[in-house]
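Numbered according to our numbering, the sequence shown spans residues 17 to 115.
Have a look at the structure below before the remarks.
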Amino acid sequence: MPTLSSTIVKREVASSKDVERALARQALHGGDLVLNLLETVSLHEERLLRAVAESIGLDPAPSGEIQQSPAILRETVPLDLVRRHPMYPLSVTDGQVVI
């Protein structure tokens with residue numbers, strides 16, 4: 017699986033120089049590559065999110081307002097679990113919870 021930085025450059029979301037600057041900033045200030053790119057470069061956020069999804073082998077999340085989870089999911093997935101882990105149950109597809 018390609019690295020996030022190589023996917024960002026390959027998909028022309030940011031230049032290799034932009035990625036190098038963001039990685040240098042990350043080494044100094046912490047955070048992740050995406051945060052540091054957003055802090056240092058003007059880029060198209062949706063294209064960046066697609067590159068992130070591609071680099072980890074997932075489909076990108078839909079853009080726009082997040083719809084409220086169906087009632088059955090809100091009853092099934094414990095609220096304390098949702099609060100402890102950064103996730104949002106979206107739907108059930110083929111018997112599996114989509115987060």
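C-beta atoms are modelled at their ideal positions from N, C-alpha and C, and glycine is treated no differently.
Would the beta-carbon of Thr109 fall within 8 Å of that of Ser71? no
Residue from Ser31, Ile88 and Leu53 with nearest C-alpha to Leu106: The candidate whose alpha carbon is nearest that of Leu106 is Ile88.
Can you check which of these residues, Pro86, Gln83, Ile115 and Glu61, is closest to Val98 by C-alpha distance? Just measuring C-alpha positions, the residue of Pro86, Gln83, Ile115 and Glu61 sitting nearest Val98 is Ile115.
DSSP three-state call for Gln112: helix, strand or coil? strand
Helix, strand or coil: which one does DSSP assign to Ser79? coil
Buried or exposed, going by whether 16 or more other CB atoms sit within 10 Å of the CB of Ser85? buried
Going by CA-CA distance only, name the one from Leu95, Leu74, Asp75 and Arg63 that's closest to Lys26. Arg63
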